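Trainee: At position 283 of the sequence shown the residue is numbered 284 (this note's numbering), and the sequence of numbers has no breaks.
Idealized CB from N, CA, C, for every residue including glycine.
These numbers were taken from a predicted model, which means no experiment stands behind them.
Take this structure, written in structure tokens, and hold onto it; I'll ask about it next.
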Amino acid sequence: MDYIPLPDNAARQAIDSATIFDEFMRVRAQARAYAGGMYWKRQGDYEYLTKTQPDNRQTRVGPRSTETEKIHEEFSTRKRELEARLKSLRAALKDAERLNKALKVGRVPSLAVTVLQTLDEAGLGQHFTVVETHALYAYETAAGVRIVQGALATQDVDLLWDARRRVRFITDLGKLDVSILSVLQRADATFRRKEGQNETAINARGFEVDFLRRQPEGEDPHPFRFSDDEGDLWPVQALRASVLTNAPRFEQVVIAATGRMTLMRTIAPETFVEFKRWLAEKAPRRPQPKRRRDLRQAAIVQALLDEGLLMQQAAVR
């Protein structure tokens, strides 16, 4: 048997902690619209309502009037409500993380969770999809099982960059005025671009983050570096990556051994099975040990689907 059910206590805790995490993420997204503040600014004989951003940019809303006073009051009230709710949810999240660790609910590599969290906090998470072996952590969590370690062992996480959304990506990254490598260094300061592999970031303990992309189609830029920084990463073309790019998405809250949580965006399990079988049977120059692992992983996910433990999600794109 290549997987076993989670103990009841751990399974219940996984569900409860995911509920808290989902609500925290929902409220945090709402609160971003209320980042900064509003205040009245006097210029000569006039008083204007001014909106400030976290980076100290200011926008004039309008002169003082019944309408702008209402805007100011509604903004201030909503901001206080959201901040209070976020404070409560942060406390609940810390409690959930402690219970996750105590009950050994999760086992996703801690650094993989941190990398995904860091990309999300930078506003870039939606541009990357976890593919290959790490996707199994999302599937096992959704199914309430623990897949045998032998089918999971890996020292790298593969992130597929969505070239279809390149304009939005460039805009989002431009707001930060940083490189993707520097974003990864927020997760672990020892990340460096790997010598001779411009698509890979590697840390001081040998953990790798590989960035993949589909082969160029239409107006896809090629070659493509994530930013203007000469030391930044270049996503590498991967065989049949267009299949993964176009696949429905599967989203699941996953949990590290430390108890910390993050949202993993990966591909639909049906696509995972089909792709792994292709790698095992048709991919050119693939080493035999990897082909055997591909077949085993495909068989595990197919069994979870066949037994109804892993359910299809509504299409997420």
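(1) In chain order, what residues of the same chain lie with their CB nearer than 8 angstroms to the CB of R318, ignoring the 5 residues before and after it?
(2) How is the beta strand (DSSP E) around N204 delimited, first residue to last?
(3) Helix, strand or coil: how does DSSP classify A316 here?
(4) So what does DSSP say about F273, is it helix, strand or coil?
(5) Where does G126 sit, in a helix, a strand or coil, going by DSSP?
(6) So, using beta-carbon positions, are G124 and S180 closer together than 8 angstroms?
(7) Considering Cα atoms alone, identify which of D17, T69, A85 and A205 is closest to A32.
(8) Round the Cβ separation of R292 and A281 to the nearest angstrom and send it over; I've been treating them as touching at under 8 angstroms.
(9) How should W41 be labelled, buried or exposed, when 16 other C-beta atoms within 10 angstroms of its C-beta is the threshold for buried?
(10) Count the other C-beta atoms from every protein chain shown that fall within 10 angstroms of the C-beta of Q253, then say buried if there are 16 or more, exposed otherwise.
(11) Please look up how many angstroms separate the CB atoms of F208 and W162, rounded, as I've assumed it's under 8 angstroms.
(12) I believe A258 touches G107 by the beta-carbon criterion, under 8 angstroms. Please report the beta-carbon distance rounded to the nearest angstrom.
(13) Between D173, L120, R241 and F170, which lies nearest to Q186 when the distance is taken from Cα to Cα?
(14) Just to check my reading of the structure: T267 and V244 have Cβ atoms closer than 8 angstroms, yes? What is that Cβ distance to the nearest angstrom?
(15) Which partner residues of P6 appear in the DSSP bridge assignment?
(16) Spatial neighbours of K102 within its chain, please: C-beta separation below 8 angstroms, excluding the five flanking residues on both sides.
(17) When the distance is taken between beta carbons, is T51 closer than 8 angstroms to V62?
(18) What residue range does the alpha helix (DSSP H) around D307 cover?
(19) Report buried or exposed for I171, applying the criterion of at least 16 other Cβ atoms within 10 angstroms of its Cβ.
(20) Out of S111, D173, I301 and Y138, point me to the one whose CA is closest to H128's CA.
(21) Just grab the DSSP bridge partners of I268 for me.
(22) For R65 versus E48, is the C-beta distance shorter than 8 angstroms?
Mentor: The short version:
(1) On the sequence shown, position 317 is the one that residue 318 refers to. Note that R318 scores a pLDDT of 46, beneath 50, so its modelled location is shaky; the value from the coordinates is reported in the next line. Cβ within range, chain order: P249 and R250.
(2) The count along the sequence shown starts at 1 and reaches residue 204 at position 203. From DSSP, N204 is part of no beta strand (DSSP E); its letter is neither H nor E.
(3) Numbered from its first residue, the sequence shown carries residue 316 at position 315. Residue confidence for A316 is low, a pLDDT of 47 falling below 50, so the modelled location carries little weight; the figure read from the coordinates is stated next. Looking at A316 - three-state DSSP - the assignment turns out to be coil, as it is neither helix nor strand.
(4) On the sequence shown, residue 273 is found 272 positions in, with the first residue counted as 1. Reduced to three states, the DSSP call for F273 is helix.
(5) Numbered from 1 along the sequence shown, position 125 holds the residue referred to as residue 126. Here G126 sits in helix by DSSP.
(6) For the purposes of this step, residue 124 is taken as residue 123 along the sequence shown, with counting starting at 1. For the purposes of this step, residue 180 is taken as residue 179 along the sequence shown, with counting starting at 1. No, these two residues do not count as a Cβ contact at 8 angstroms.
(7) Looking up residue 32 in the sequence shown gives position 31. For the residues D17, T69, A85 and A205, the minimum Cα distance to A32 belongs to A85.
(8) If you number the sequence shown from 1, residue 292 lands on position 291. If you number the sequence shown from 1, residue 281 lands on position 280. The Cβ separation is near 5 angstroms, so the contact holds.
(9) Along the sequence shown, read from residue 1 onward, the residue named residue 41 stands at position 40. By the 10 Å Cβ count, W41 comes out exposed.
(10) Counting from 1 along the sequence shown, the entry for residue 253 is found at position 252. Buried: at least 16 other Cβ atoms inside 10 Å.
(11) Along the sequence shown, one-based indexing puts residue 208 at 207. Along the sequence shown, one-based indexing puts residue 162 at 161. Not a contact, Cβ separation roughly 19 angstroms.
(12) For the purposes of this step, residue 258 is taken as residue 257 along the sequence shown, with counting starting at 1. For the purposes of this step, residue 107 is taken as residue 106 along the sequence shown, with counting starting at 1. Confirmed, about 6 angstroms.
(13) Locating residue 186 in the sequence shown gives position 185, where the first residue counts as 1. Shortest Cα-Cα distance from Q186 to any of D173, L120, R241 and F170 involves L120.
(14) Mapped onto the sequence shown, residue 267 falls at position 266. Mapped onto the sequence shown, residue 244 falls at position 243. Actually they are not in contact, since the Cβ atoms of T267 and V244 sit about 14 angstroms apart, beyond 8 angstroms.
(15) By one-based count along the sequence shown, residue 6 stands at place 5. Beta-bridge pairing links P6 to V146.
(16) Translated into the one-based positions of the sequence shown, residue 102 becomes position 101. Excluding sequence neighbours, K102 sits near A258, T259 and G260.
(17) If you number the sequence shown from 1, residue 62 lands on position 61. If you number the sequence shown from 1, residue 51 lands on position 50. In contact: V62 and T51 (Cβ atoms closer than 8 angstroms).
(18) The count along the sequence shown starts at 1 and reaches residue 307 at position 306. Run containing D307: Q289 to D307, per the alpha helix (DSSP H) assignment.
(19) Your numbering for residue 171 matches position 170 in the sequence shown. Exposed, since its Cβ has fewer than 16 Cβ neighbours within 10 Å.
(20) On the sequence shown, residue 128 is found 127 positions in, with the first residue counted as 1. The shortest C-alpha separation from H128 is found at D173.
(21) Counting from 1 along the sequence shown, the entry for residue 268 is found at position 267. Looking at the DSSP assignment, I268 forms a beta bridge with R250.
(22) Locating residue 65 in the sequence shown gives position 64, where the first residue counts as 1. Locating residue 48 in the sequence shown gives position 47, where the first residue counts as 1. A contact, by the Cβ cut-off of 8 angstroms.
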